[in-house]
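Asker:
In my numbering, the protein residues as written are 5 to 272.
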């Protein structure tokens, strides 16, 4: 069993996906089954989202939605009862005690391997401290290892390259890859970052970890990690050389803008 976690601000959007609705709001028959809820009266995505929003209201947390997918080996027989038990154990181990948090568990049937989606309101019912986000990758790994051993599941490890980068084509990996790509593109175009350091700072605001490899000539390589997946720059369609070229263009554009502003000021 492995877990992939992401965070967000929209309970409605997250739960509609869990419920099996596509981007046009149409539910796909047979894609999803609601397995279990904690501390919720509603059984539909919109109703559950409203209940969760009510708990979060006036809390300082910015990203209250914790979304984790639990996946098992293709061919492994996992009952819905086992998924519920594993999911609740997972919540407990990640600091979201089921008695204290609103939790929704959906089973999906759109992939060859057994998997489910867990949606946790990071804000507890008493509106105390939110569930921590830090080191979630390591905590996920530890929790899955313990649950696999405790419940007797087959071991399922992430596929990694020799450099520790995830190399798989699961829907979750593709989603993480697309998220990183779009975030880089947005940062380059709208925030006008002019250096690798500024790009790193901008991406980390979106919980994308950036690792820079340097030599005597400067940055020689770059990799990214988000939602439990790591990729080299070229894997997200941004090679180091291409990024460097764009950052230099942004720097020149900024210098030209400042020069133009200065010349206008002198004419006045």
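Glycine is no exception: its CB is placed at the ideal position from the N, C-alpha and C atoms.
Rounded to whole angstroms, how far is the Cβ of residue 5 from the Cβ of residue 107, which I believe are closer than 8 Å?
Answerer: So it is not a contact: roughly 18 Å between Cβ atoms.
Asker: Buried or exposed: residue 138, going by 16 or more other Cβ atoms within 10 Å of its Cβ?
Answerer: exposed
Asker: State the Cα-Cα distance for the pair residue 62 and residue 53, rounded to the nearest angstrom.
Answerer: 16 Å
Asker: Taking only three categories from DSSP, how would you classify residue 105?
Answerer: coil
Asker: In terms of alpha-carbon separation, which member of 208, 25, 35, 64 lies closest to residue 134?
Answerer: 64
Asker: I need the boundaries of the beta strand (DSSP E) containing residue 41, first residue and last residue.
Answerer: Counting along the chain, the beta strand (DSSP E) containing residue 41 begins and ends at 36-42.
Asker: Quick one: what does DSSP say residue 133 is sitting in, helix, strand or coil?
Answerer: coil
Asker: Give the DSSP-derived three-state secondary structure of residue 189 in the structure shown.
Answerer: helix
Asker: Consult DSSP for residue 31 and reduce its assignment to one of helix, strand or coil.
Answerer: strand
Asker: Verify whether the separation of the beta carbon atoms of residue 147 and residue 98 is less than 8 Å.
Answerer: yes
Asker: For the alpha helix (DSSP H) holding residue 145, just list the boundary residues, first then last.
Answerer: 140-155
Asker: Can the beta-carbon of residue 127 be found closer than 8 Å to that of residue 47?
Answerer: no
Asker: Using the beta-carbon count (16 or more within 10 Å), is residue 209 buried or exposed?
Answerer: exposed
Asker: Can you tell which of 231, 15, 245 has its C-alpha closest to the C-alpha of residue 145?
Answerer: Of 231, 15, 245, the smallest CA-CA separation from residue 145 is found for 231.
Asker: Taking all protein chains shown into account, decide if residue 172 is buried (16 or more other Cβ within 10 angstroms of its Cβ) or exposed.
Answerer: With a pLDDT of 47 at residue 172, under the threshold of 50, the modelled position of that residue is not reliable, and the figure given next carries that caveat. Exposed: under 16 other Cβ atoms inside 10 Å.
Asker: Name the residue from 211, 244, 237, 207 whose alpha carbon lies nearest to the alpha carbon of residue 223.
Answerer: 244
Asker: In terms of alpha-carbon separation, which member of 39, 49, 45 lies closest to residue 31?
Answerer: 49
Asker: Using a Cβ-Cβ cut-off of 6 Å (strictly less than) and excluding sequence neighbours within five positions of residue 115, which residues of its own chain qualify?
Answerer: none
Asker: Closer than 8 Å by C-beta to residue 84: which residues in its own chain qualify, once you throw out the five before and the five after it? Chain order, please.
Answerer: 37, 39, 111
Asker: Which runs of the alpha helix (DSSP H), 4 residues or longer, sit entirely within the stretch 77-125?
Answerer: 84-97
Asker: In whole angstroms, what is the alpha-carbon distance linking residue 214 and residue 18?
Answerer: 26 Å
Asker: For residue 216, does the three-state DSSP call read helix, strand or coil?
Answerer: strand
Asker: Find out if the Cβ-Cβ distance for the pair residue 155, residue 89 is shorter than 8 Å.
Answerer: yes
Asker: Which residues mark the beginning and the end of the alpha helix (DSSP H) in which residue 58 is found?
Answerer: Where residue 58 is concerned, the enclosing alpha helix (DSSP H) stretches over 49-60.
Asker: Locate the beta strand (DSSP E) running through residue 74, then write down its first and last residues.
Answerer: 69-75
Asker: What residue does the alpha helix (DSSP H) around residue 232 start on, and which one ends it?
Answerer: No alpha helix (DSSP H) holds residue 232; DSSP gives it neither H nor E.
Asker: Mind checking residue 188: buried by the 16 CB within 10 Å criterion, or exposed?
Answerer: buried
Asker: Short of 6 Å in beta carbon distance, which residues of its chain neighbour residue 225, apart from the five on each side in sequence? Order them along the chain.
Answerer: 217, 244
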